[in-house]
Structures are given as structure tokens and as C-alpha cells.
Amino acid sequence: MQFILEYWAQWAFALMGGAILAAIPKIKALWQAVLALLHDRIYTECYHFLSLGHITPDGLRNLTYLYKTYHTMGGNGTGTELYNRAKALPIHD
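Note that the working numbering gives residue 22 to position 39 of the sequence shown, counting from 1, and the numbers run on in steps of one.
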């Protein structure tokens, strides 16, 4: 009986391990897609406020929310530069 349980346990773990390994590329692709979408939103919002020459309190709050997640996920470079430029704008309602 012990042998049968060990056999099935090994089989089940092998099957789960294979499923996890097969899912890793998809998870990486989703991560990259979310990062790209965050970058696009930051880029769009920053250029909007930079063209206005000021930022609204709600716009800054939203931009900060997007940027914190973007940065936590590993986004840097142009997203950070644009965020810092938009954050430095005068705040107007």
C-alpha cells in the first residue's frame, strides 16, 4: 500500500511540476504586458500634463499610483524620467 501511495504521489508531483513549468513563459509574458501597459499610461499621462504646463492634484495622484506599481515591477528609464518631470510641474485644479 505504501508503494502505491508513493507512486501516485510522485506522479502527481511530476504532473504539477510540469504544469508549473509550462505556465512560466505565459506568466512572464503577462508580466511584460502589464509593464508595457503601465509604461504606456505613464507616457500618455505625462505628455498630456507636460503639454498643459501643469498637473492637477487628481492627475498627480493617479500618475503616482501608476508609477509606484510600474517601478515595483521593474520599470525604469523613460517612465521614471517622465514621471519626475510631470511631478515637478506646478499643481493647478
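By construction, the Cβ of each residue, glycine as well, lies at the ideal position given by its N, Cα and C atoms.
No experiment lies behind these values; they were computed from the predicted model shown.
*For His37, collect the residues of the same chain with a Cβ closer than 8 Å to its Cβ; drop the 5 residues on either side in sequence, then sort them by chain order.*
Leu72, Pro73, Ile74, His75
*Around the C-beta of Glu64, are 16 or more other C-beta atoms found within 10 angstroms, so that it is buried, or is it exposed?*
exposed
*Would the beta-carbon of Leu49 fall within 8 Å of that of Leu21?*
yes
*Kindly give me the distance between the Cβ atoms of Leu18 and Gly60, rounded to whole angstroms, as I take these residues to be in contact under 8 Å.*
No, Leu18 and Gly60 are not in contact; Cβ-Cβ is about 11 Å, not under 8 Å.
*Tell me which same chain residues have a C-beta within less than 8 Å of the C-beta of Tyr77, skipping the five on either side of it?*
The structure shown does not extend to residue 77, since the chain spans only -16 to 76, so no value can be given for it.
_Between Leu35 and Lys70, how many whole angstroms is the CB-CB distance? I'm expecting something under 8 Å._
Contact check for Leu35 and Lys70: beta-carbon distance about 14 Å, past the 8 Å limit, so the pair fails to qualify.
*Where do the ends of the alpha helix (DSSP H) carrying Pro40 lie?*
Its alpha helix (DSSP H) spans residues 40 to 55.
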